[in-house]
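Everything on this sheet refers to the single structure shown next.
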Amino acid sequence: EIESIEKHFVTSAVTEKDGEVAFKVEYEGKEQVFTMTELLAMYFTKIKKTVESDTKNAVSDVVISVPGYFMEAQRHAVLNAADIAGLNCLRLLNDTTAAAIQYGMPKFDMAEDKARVVCFVDIGHSAYSVSIVSFTKTGLTVNGVAYDRHLGGRNFDEVLVNHAAEEFKKKHGLDIYTNPKSLFRLRAACEKAKKVLSANSVASLSVEMVMNEIDISSLIKREDFEAMCEPLLERIEGPLKEALKAANMTVDMIDFVEIVGGSTRIPAIKEKISKFFNKEISTTLNQDECVAKGCALQCAIISPVFKVRDYSIQDVNYYPIRITYEPTAAEPNDTHVDLFQSMSNIPCAKLLTFYRSKSFLVEAVYPFNNSLVGKYMIHLDEENDVQIKVKVKLNMHGLLSFDQASKIENVVEKKIEENGEEKEIKKTNKVDLKIETINSSHSIEKINLLKENELKMAASDKLVADTEAKKNELEGYIYEMRDKIETSLSEFISEKDKMVFQKHLTELEDWLYDEGEDTTKTIYSEKLMFLQSFGTPVINRFKQLEERNSAASSLSTIIQNYLNCLSDPKYSHIPKSELDSISAECQKASNWLNSQLESQNKSPKHIDPVFKSSDIEKKQQELISFVTPILSKKKEEEKKE
């Protein structure tokens, strides 16, 4: 099913690996196969790094949105991918419910006794979701949901792609679908044209040299586009009706209709929705970000780190779940039970009772297609029938779990009363039983193996990025130094050294665009260090000139300030001999500085300096250390006080 649908939108070959949908891609110069779980883990890892880089904080706890129509295997795959990426998923949240949280939680004007009913219509890139939600001041309740898993913005893009490809084939006899690169460029142009048509009556569809150096250039009118999309537009009403039926509501019971998702910007879609509900459409939410913001709010509610107001969220599951089991001789027709109906609350739990004398297997399936949800072996070591209680839960992720199985034993204990009579007391004991779960979730061993692979790939990707960065650094250094030794640094390098340096710069530039085009980070680093051995001394001479002048000015100012203090009445209480010592020390520092500067001025700038700014700073500190204790002495009357 996935291959037949995605082949129209994805150029990579769809295949199978370890029982999962997988794609063939080129990685590290060879064709490799990655499952959707692995690819999603890579995506999560990238997002995690981006967020950590932006916020300067480690990311661990997350809430992840998924389409409400995701089944057990898909939800397990998302949780596995998060685990591989080093993320702790606090909850899988249905995307329309996330949008509802962002809608309701910031609103403090909701009534407590009368619910506000809002229909959320979310048409994204590949799917269409409808959710009817009741809001009060203290929380929200999802009443009904419906979906079209294969109607989204890309279907509307494909209408334009098919139209343009057919026109191109008629005109030039060339099939764009045979050239993946041409098809990719055409799809990008069609998506752009579709977005333009949402705000304008006409859009230009233009792709230069799309195939065999032939251009595509045409104008698309909105009315023509809508006419071509009519089969898609006819599918808009279906999920709206289904959601109302699931919620047991009618159109007149809906207070507001809120649209989210980029594709709801298409005017024909908005018109269809508005006409169905016979009311104006609301766009109070950010159509692109509301789901992410809703997840953030849900994460804050769950996390103990943040303090937010109490807000209850009652979600529902979309698919009914049936459990099947082997019949017993006593009840030969008892083989299954519909455990959770569609629109059951999430989370919720049920208690099942069995009578068995040996271990038995329970299977959970989706009744509409009989596909497996999971198998659960309950281990029992008995010869006679015993009562077994099994707690089954639909958890907050929307996943089925057999949380606990207990054997109920009725025992009789004898107790001796005070009068010596023996009395029997009946007791009920609960003995926990082992449950072996077999579902689509990966084992701990496999998760750890995939984590190792992800870390290796992340390290490999980092090496590639670091290598490219070092290559760019080398290239930038060549251009920078070639220019500077002719301009700002020209006085700080001799003609002989300049010629040698220029020769090496030219040689390494030629190497960089030849055999050095694709080499290792280590080699780029070695080449850069070789050039820096010529360039760094030149740069240091230039920097020393600036820093030395600044340091000399600072020392001269301090010397003058100290000399001014000698005639200040404020320091008249200090013995003349000590003030004379300050004068002598200042003169000594001044003579040293003038001598050093005179020597430096006689030395060419392309020779390493006679003395450095650090020498001046050292001399300045010595002077400060000598003078400060003397000038800090207090008068006699101040000492007595």
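In the working numbering, the protein residues as written are 84 to 724.
We treat Cβ as the ideally placed atom computed from N, Cα and C, and that holds for glycine.
State yes or no: is the C-beta of residue i within less than 8 Å of the C-beta of residue j?
i      : j      : result
PHE423 : PRO450 : no
PRO219 : ALA198 : Per the sequence shown, residue 219 should be read as Thr rather than Pro. Yes, the pair counts as a contact, with Cβ atoms nearer than the cut-off.
SER523 : GLU99  : no
ILE206 : SER346 : yes
SER289 : ILE299 : yes
PHE584 : ILE568 : yes
THR128 : ALA168 : yes
ALA310 : CYS273 : no
THR550 : THR603 : yes
ASP338 : VAL216 : no
LYS253 : LEU316 : no
ILE657 : ILE576 : no
ILE461 : ALA488 : yes
LEU483 : ALA447 : yes
GLY377 : ILE606 : no
LYS123 : PHE106 : The identity of residue 123 in the sequence shown is Leu, whereas the question assumes Lys. It is not a contact, given that the beta carbons lie outside the stated cut-off.
TYR211 : LEU234 : yes
LYS441 : LEU455 : no
VAL469 : ARG439 : yes
GLY187 : ALA329 : no
SER633 : GLU111 : no
Pull up the CB-CB distance for residue i and residue j, whole angstroms please, since I reckon it's below 8 Å.
i      : j      : result
ALA326 : SER214 : 7 Å
THR520 : GLY599 : About 56 Å separates the two Cβ atoms, so there is no contact after all.
THR179 : PHE203 : 5 Å
VAL374 : ALA229 : About 18 Å separates the two Cβ atoms, so there is no contact after all.
LYS474 : LEU516 : With a Cβ gap of about 11 Å, LYS474 and LEU516 do not count as contacting.
ILE259 : MET294 : 6 Å
GLU630 : SER696 : 4 Å
LEU649 : LEU662 : 5 Å
SER666 : ILE642 : About 10 Å separates the two Cβ atoms, so there is no contact after all.
LYS506 : LYS498 : 5 Å
SER386 : ASP144 : 6 Å
GLU668 : PHE694 : Wrong, their Cβ atoms sit about 19 Å apart, outside the cutoff.
GLN627 : PRO687 : Not confirmed; about 13 Å, so no contact.
VAL108 : SER95  : 5 Å
Comparing alpha-carbon positions, which option in the options lies nearest residue i?
i      : options                           : result
ASN536 : THR120, VAL93, ILE518 and THR619  : THR120
GLU103 : GLN643, ASN163 and LYS139         : ASN163
LEU611 : GLU629, LEU588 and MET292         : LEU588
ARG158 : HIS480, ASN531 and GLN370         : HIS480
VAL142 : ASP417, ASP166 and TYR152         : ASP166
GLU574 : ASP544, ARG624, ILE530 and GLU556 : ARG624
ASP566 : ILE622, LEU516 and PRO652         : ILE622
ARG174 : GLN470, ASP601, PHE360 and ALA383 : ALA383
PHE485 : LEU243, ILE406 and GLN683         : ILE406
CYS312 : PHE239, LYS718, PHE437 and TYR654 : PHE239
ALA271 : ASP651, SER212, HIS255 and LEU243 : LEU243
LEU614 : SER664, GLY377, LEU557 and SER212 : LEU557
ASN369 : SER357, ASN361, ARG348 and GLN381 : ARG348
TYR645 : PHE191, MET540, SER664 and HIS689 : SER664
ASN361 : LEU323, TYR596 and LYS328         : LEU323
MET582 : GLY559, GLU563, PHE617 and GLU609 : PHE617
VAL334 : LYS358, PRO314, PRO350 and ILE342 : LYS358
GLU409 : ILE518, GLU592, LEU444 and LEU706 : LEU444
ASP698 : TRP675, ASN140, PRO687 and PRO415 : TRP675
GLU114 : PHE267, VAL97 and ASP192          : VAL97
LYS579 : HIS689, LEU591 and ILE527         : HIS689
LYS717 : ASN684, ILE707 and SER655         : SER655
ASN467 : PHE437, LYS659 and GLU496         : PHE437
LEU434 : ILE527, LYS278 and LYS472         : LYS472
VAL93  : ASN262, ILE527, ASP101 and ILE352 : ASN262
GLU296 : ARG305, HIS255, TYR596 and LYS586 : HIS255
GLU592 : ASN555, SER571 and THR570         : ASN555
Is the beta carbon of residue i within less than 7 Å of some heavy atom of the ligand SAM?
i      : result
GLN424 : Because no ligand of any kind appears in the structure shown, any question about the ligand SAM cannot be addressed here.
Q. What residue ranges within the segment 500–586 form continuous beta strand (DSSP E) runs of no fewer than 3 residues, ordered along the chain?
A. 505–515 and 518–521
Q) In the segment 202–263, which residue ranges form an unbroken alpha helix (DSSP H) of at least 4 residues, counting only runs that do not cross its ends? A) 236–255
Q: Ignoring anything shorter than 4 residues or poking outside the segment 382–412, list the alpha helix (DSSP H) runs there in chain order.
A: none
Q: Taking only runs that begin and end inside the segment 428–493, name each unbroken beta strand (DSSP E) of 3 or more residues, in chain order.
A: 431–449 and 454–477
(Q) With three or more beta-carbon pairs closer than 8 Å as the criterion, would you say the segment 392–402 touches the segment 425–438? (A) yes
Q: Please confirm if the segment 384–396 is in contact with the segment 357–371, defined as three or more CB-CB distances below 8 Å between the two stretches.
A: The count of Cβ pairs closer than 8 Å, one atom from the segment 384–396 and one from the segment 357–371, stays below three, leaving the stretches out of contact.
**Q.** Sufficient close CB pairs (3 or more, under 8 Å) joining the segment 702–709 to the segment 666–684
**A.** yes
Q | Minimum length 4: unbroken alpha helix (DSSP H) runs contained in the segment 122–195 | A | The qualifying runs are 155–167 and 178–187.
Q: Quick one: which unbroken beta strand (DSSP E) runs of 3-plus residues sit fully inside the segment 324–352? Chain order, please.
A: Restricted to the segment 324–352, the beta strand (DSSP E) segments that are unbroken, complete and at least 3 residues in length are 339–343, listed in chain order.
Q: Report the residue ranges of all alpha helix (DSSP H) runs contained in full by the segment 587–660; include only those spanning at least 4 residues, in chain order.
A: Qualifying alpha helix (DSSP H) stretches, in chain order: 604–648.
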